[in-house]
């Protein structure tokens, strides 16, 4: 993913969440983020990762401050599915362990439609 640049606004973050079925605000070096990425990949769930550490430190902090304001959570991973805030690593893994990750928003059907209608299927879609 290219570095995060420009003004960080609530509208920008809400747009990212709205435009993507599964969004994870993440850092490339975060082991908890990597656990969630690995779990999503193991379930063949495509996701959009916003890697906060690829921008400036100020931008990263602005994203995290805004996420805190929106969700009460500043830490990463910060996961959204179908516009709904799921939480962090433990919340996302628990949702899957309980069998509720795939049913949320009928992600399996979305995946099958995407898989059979595009030749450009990939994990961790980047902007």
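In full-length UniProt numbering, the protein residues as written are 1 to 127. Backbone N, C-alpha and C define an ideal beta-carbon position, used for all residues, glycine too.
Please state whether the Cβ-Cβ distance between residue i and residue j is less than 7 Å.
i	j	result
residue 53	residue 27	yes
residue 32	residue 77	yes
residue 66	residue 13	yes
residue 70	residue 47	no
For residue i and residue j, which I take to be in contact (beta-carbon distance under 8 Å), what is that distance rounded to the nearest angstrom?
i	j	result
residue 83	residue 16	So it is not a contact: roughly 11 Å between Cβ atoms.
residue 143	residue 102	Residue 143 falls outside the range modelled here, since the chain spans only 1 to 127, and no answer is possible.
residue 8	residue 59	6 Å
Just tell me which of the options has its CA closest to the CA of residue i.
i	options	result
residue 51	102, 99, 45 and 79	79
residue 34	98, 100 and 88	88
residue 95	19, 36, 11 and 20	36
residue 81	11, 45 and 10	45
residue 49	68, 99 and 19	19
Considering only residues of the segment 33-114, which uninterrupted beta strand (DSSP E) runs meet the minimum length of 3 residues and lie entirely inside it, listed in chain order?
-> You should have 48-51, 78-81 and 84-87.
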